[in-house]
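The opening position of the sequence shown corresponds to residue 54 in the working numbering, with each subsequent residue numbered one higher.
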Amino acid sequence: MAGYRVKQLRTALGDSFLWKAGRLAGSLYRIYFMALPENETDYEKSRRFYIAGDCAAQTIAQLAGGTFLVSLLLYAGFSDAAAGVVTSTASLAAIFQLFTMQKVNRLKKRKLFVCICVLQKLLLALLFFLPLIKAKSGIQQVFLLGGYFLAQIWSQIGTPATQDWIASLVPMKERGSYFSRKDAIAVFVTVTLMLIMGVVMDICSGPKQIYGFFLNGSLILFLAVMNFGAFSLMKEPRLTDLNEEGKEIHRWPARKRRKENVSVTENVSAGQSKKEGKTSLLLLKTEILEAFGDRDFRMAFFTNLLWLTAFYAASPFNTSYQLGELSLSFTFLMVVGFLGNLVRIVITPTMGRLGDRYGMACIYKYSLIGILLNFALFAFATPSNAFVMAVFATLFSALGWSFAGIGLLGIQLELIREEKRTLQLSILSALGGVYGFLISFLSGRLLSLLQKIQPSFFGRKLYAQQVTNILGVCFLIILILYLKFSVQKRERTGMAE
C-alpha cells in the first residue's frame with residue numbers, strides 16, 4: 054500500500070513538473086516568437102525598451118572597454134601598444150558576421166538570437182574577476198584576450214540583426230530624432246556610471262585595485278542582465294507564416310503549412326542551389342559580389358573605410374597616453390568626460406533634428422570636425438599642458454560624438470537596400486572590422502617603433518601618440534571632403550527621386 058502511494062506521488066509530481074515545464078516553454082515561445090506589435094502603442098513601448106537596453110549596452114561597452122579595460126590590461130602586464138591592439142579586436146571579431154549572416158538572414162524570427170548574443174556580455178563581467186584569481190601573468194593575459202575576443206564575436210554577429218530590428222520599429226523620417234534622443238539618454242546613463250566607477254577605481258588604486266575591478270565586473274553583470282531583459286520585452290515586427298485572413302500562424306499549423314505549401318521562390322532557389330552545387334562559401338562570394346556591384350553600397354563601404362582609418366590610427370592609443378605619459382587620474386578623466394558629455398546630451402536631440410532636415414551626410418560631416426579637433430589637441434598634448442588639452446579635447450570629442458555614430462549609421466541605412474539590409478550590414482561590418490583591426494595593428498607597430506627610437510621635433514621630445522593623432526587628423530580631413538563632394542551629392546539625388 055505504501056509503495057502504491059509513493060508511486061502515485063511520483064506520478065503526480067512528474068505530471069506537475071511536466072505541466073509547469075510546458076507552461077514555461079509556452080510562455081518563452083510567446084515572448085520570443087509571437088511578439089508581434091499590434092498597434093502604435095506596442096511600437097512605442099518597444100522603442101522605449103530598446104533605449105533601456107541600449108543604455109545598458111553602451112555602458113557595458115565603456116566599462117568593459119576604454120579606460121577601464123586598458124587599466125585591466127596594463128595590470129595584467131600588457132604594453133601600451135599591445136593594450137591598444139587588444140581593444141581593437143572588437144573590430145576584428147566582426148569578420149565572423151560573414152560566416153553567420155546567411156543563417157541569421159534565414160531566421161524567421163531573430164529576437165531570440167539577438168537576446169542570446171546580448172547575454173554573452175556576461176563574459177565581459179567575468180574578465181574583471183580574473184585578478185581575484187592568483188594566476189601567472191601569462192595565463193591571465195591569455196584569458197583576457199580570449200574572453201574579450203569571444204564576447205566581442207557574440208556582440209558583433211548580433212549587431213546587424215539588432216540594427217535591422219530597431220530600423221523596422223522606427224519610420225525613416227523619424228530616425229534622426231529617435232536615435233539622437235536615445236543617444237542622449239544613453240550617454241547620460243553611461244557617463245554617470247563611469248564617473249562613479251572612475252572615483253571607485255581611484256579609491257581602490259594600488260594594492261586594492263583588484264577590488265575596483267571586482268566592483269566594475271559586478272556592475273557589468275547587472276547591466277548585461279538588464280540589456281537582456283529589456284530586449285526580451287521588445288516586440289518584433291517580422292511576419293512568418295500567414296493564413297488566408299492574413300494572420301500569423303505558429304507551431305503545428307505553421308509546420309504543416311510549410312510542408313504542404315512550399316513557395317515557388319524556395320523551390321527555384323533550392324533547385325538552382327542543388328543543380329549548381331553551390332557551397333556556403335560560393336553563396337557568400339555571390340552576396341559580396343552583388344553588394345559591391347551596387348554603387349550605393351560601395352559609397353557606404355568607402356565612407357566606413359575612411360572613418361575606420363582615421364579612428365583606429367589614433368583613438369585606441371589615447372587612453373593609455375592619458376593614463377601613462379600624461380599621468381592623468383581616473384577621477385579627473387571621468388569628471389571631465391562627464392561634464393563634456395552633459396554638453397553632448399544637450400545638443401544631441403538638436404543634431405538629430407538637423408540630420409532629419411538637412412540630411413545625415415551633411416550633419417555627419419560637421420560632427421567629424423569635433424573629433425578632428427580632439428585628435429589635433431592630443432597631438433599637441435604634453436605632460437606640461439595635459440590638463441588644459443584634455444579638457445578641450447574632451448569637449449570637442451563630446452560635440453563630435455553628438456552625431457558621429459548616428460550619422461554614420463543613418464548614411465548606411467539610407468544607402469543600403471531594405472531587402473538586403475541584414476546581409477549587407479553584416480558584409481559592411483565584417484570587412485570594415487578586419488580593416489579596422491589591421492589599421493590598429495599597423496598603428497600599434499608604428500607606436501612601438503616610435504617609442505623605441507624616441508623622436509624629437511626641433512629639440513623637443515615627440516611622443517608616439519602625437520604622431521598617431523596627426524595621422525587621424527589627416528584621414529578625417531579626407532573623409533570630410535568625400536562626404537561633401539560625393540555622399541551629400543548622392544543624398545540630394547536620392548531625396549529628389
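Heads up, the beta-carbon is just placed ideally off N, CA and C, and yes, glycines get one too.
Exposure label - residue i; buried when at least 16 CB within 10 Å
i	result
Pro436	exposed
Val594	The displayed coordinates of the chain run from 54 to 550. Any statement about residue 594 would go beyond what the structure contains.
Leu478	buried
Ser455	buried
Gly130	exposed
Lys174	buried
Glu472	exposed
Glu97	exposed
Leu386	buried
Val399	exposed
Phe431	buried
Glu260	Looking at the sequence shown, residue 260 is not Glu but Pro. It counts as exposed.
Gly191	exposed
For residue i, the nearest candidate out of the options (CA to CA)
i	options	result
Phe121	Arg513, Thr140, Leu395 and Ala353	Thr140
Leu179	Lys162, Leu529 and Leu125	Leu125
Ser368	Asn522, Arg545 and Arg543	Asn522
Leu176	Phe354, Ala188, Gly199 and Leu165	Gly199
Gln465	Phe241, Thr401, Ile206 and Tyr417	Tyr417
Ile148	Met413, Arg545, Lys514 and Leu337	Leu337
Leu381	Arg351, Ala443 and Leu430	Ala443
Leu359	Leu421, Thr372 and Gly412	Leu421
Ile480	Ile341, Pro184 and Phe266	Ile341
Val171	Trp207, Met387, Gly191 and Leu452	Trp207
Met413	Gln205, Gly458, Ile186 and Lys261	Gly458
Gly525	Ala220, Leu425, Phe166 and Met387	Leu425
Ser361	Glu289, Ser482 and Gly377	One detail in the question is off: residue 361 reads as Leu in this sequence, not Ser. For the residues Glu289, Ser482 and Gly377, the minimum Cα distance to Leu361 belongs to Ser482.
Arg474	Phe355, Thr215 and Ala74	Thr215
Val123	Phe510, Gln507, Phe383 and Gly486	Phe383
Inter-residue spacing [alpha-carbon to alpha-carbon] between residue i and residue j
i	j	result
Val396	Ala446	13 Å
Val244	Phe391	5 Å
Asp217	Phe490	24 Å
Gln440	Gly119	Note on identity: in this sequence residue 440 is Phe, with Gln being the wrong assignment. Going by the C-alpha atoms only, they are around 19 Å apart.
Ala110	Leu272	12 Å
Phe428	Phe449	9 Å
Ile492	Leu515	21 Å
Thr318	Leu484	For Thr318, the predicted model reports a pLDDT of 40, less than 50, meaning its position is unreliable; a value from the coordinates is still stated below. The alpha-carbon atoms of Thr318 and Leu484 are separated by roughly 29 Å.
Glu227	Ala237	16 Å
Tyr374	Leu77	51 Å
Lys156	Ala239	31 Å
Glu343	Leu116	39 Å
Lys542	Gly79	52 Å
Thr372	Arg406	32 Å
Cys527	Phe538	17 Å
Met154	Phe345	16 Å
Leu499	Gly377	18 Å
Val388	Phe433	22 Å
Gly453	Phe232	15 Å
Phe166	Thr212	11 Å
Asp255	Ala188	24 Å
Ser258	Phe202	27 Å
Leu89	Leu335	34 Å
Reduced DSSP secondary structure (H/G/I, E/B, other) of residue i
i	result
Ser380	coil
Arg163	coil
Lys514	strand
Ser509	strand
Ile257	Checking the displayed sequence, the identity of residue 257 turns out to be Cys instead of Ile. Looking at Cys257 - three-state DSSP - the assignment turns out to be coil, as it is neither helix nor strand.
Ala135	helix
Thr435	coil
Val171	helix
Leu286	coil
Gly211	helix
Met87	coil
Thr546	helix
Sequence-distant residues of its chain with Cβ nearer than 6 Å to residue i (five each side left out)
i	result
Arg234	Pro402
Gly270	Ala178, Phe181 and Phe182
Asp347	none
Leu246	Thr112
Ser501	Ala134
Ser221	Pro290
Ala451	Gly393, Asn394, Val396 and Arg397
Met250	Asn269
Contacting residues, own chain, Cβ-Cβ under 8 Å from residue i (five flanking each side not counted)
i	result
Thr94	none
Lys328	With a pLDDT of only 39 at Lys328, under the threshold of 50, the placement of this residue in the model should not be trusted; the figure read from the coordinates follows. Closer than 8 Å at Cβ, skipping near neighbours: no residue.
Tyr365	Ser141, Ser144, Gly489, Phe490, Ile492, Ser493 and Ser496
Near the ligand FMN: residue i beta-carbon under 7 Å from a heavy atom
i	result
Ala204	This structure simply doesn't include the ligand FMN, nor any ligand for that matter.
Spatial neighbours of residue i in its chain, beta-carbon cut-off 7 Å, leaving aside the 5 residues before and after
i	result
Ser285	Ile84 and Cys168
Leu468	Asp349, Phe350, Met352 and Ala353
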